[in-house]
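All letters in the sequence shown, in the order written, are residues 109 to 200 by the working numbering. Everything on this sheet refers to the single structure shown next.
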Amino acid sequence: MFTALVATIALSGPSLVSRVATLLLAVVLLLQSTWLLPVLNQRIAAIIAGHDLPSSPDHLYYIAGDLAKAVLLVAIIWSKAKRMVHISVKVT
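So, in structure tokens, the structure goes:
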């Protein structure tokens with residue numbers, strides 16, 4: 109996923125929307141992989157070990173992060189498609 113992010117940043121033209129969305133996408137991905145996944149893995153290990161844990165909003169945070177990634181990816185695609193249509197209209 110990180111390689112795809114780097115490629116998107118490198119290939120994104122002057123579009124501010126795609127650059128900001130790509131940066132936010134990287135932040136969400138970084139938070140999920142460095143904070144949420146280790147916390148969720150610890151909870152799973154504790155549950156498997158038989159511990160009774162109180163409910164936690166961590167899964168909801170992870171779901172919110174996935175929704176944010178989906179919205180940001182749509183924004184990047186929309187920005188690129190809009191730019192491609194604009195360029196093709198100029199050419200024809």
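All C-beta atoms in this analysis are idealised placements derived from N, C-alpha and C, irrespective of residue type, glycine included.
In this structure, A183 keeps its C-beta atom at 7 Å or more from the C-beta atom of A134.
A contact is defined here as three or more CB-CB pairs under 8 Å, and the region 141-159 fails this definition with respect to the region 184-193. Excluding five sequence positions before and after S126, the CB atoms of its chain that fall closer than 7 Å to its own CB belong to S120, I184, S187 and K188, given in chain order. Between V136 and A176, the beta carbon gap of about 5 Å places them in contact (Cβ cut-off 8 Å). Using a Cβ distance threshold of 7 Å, L181 and L132 do not count as a contacting pair.
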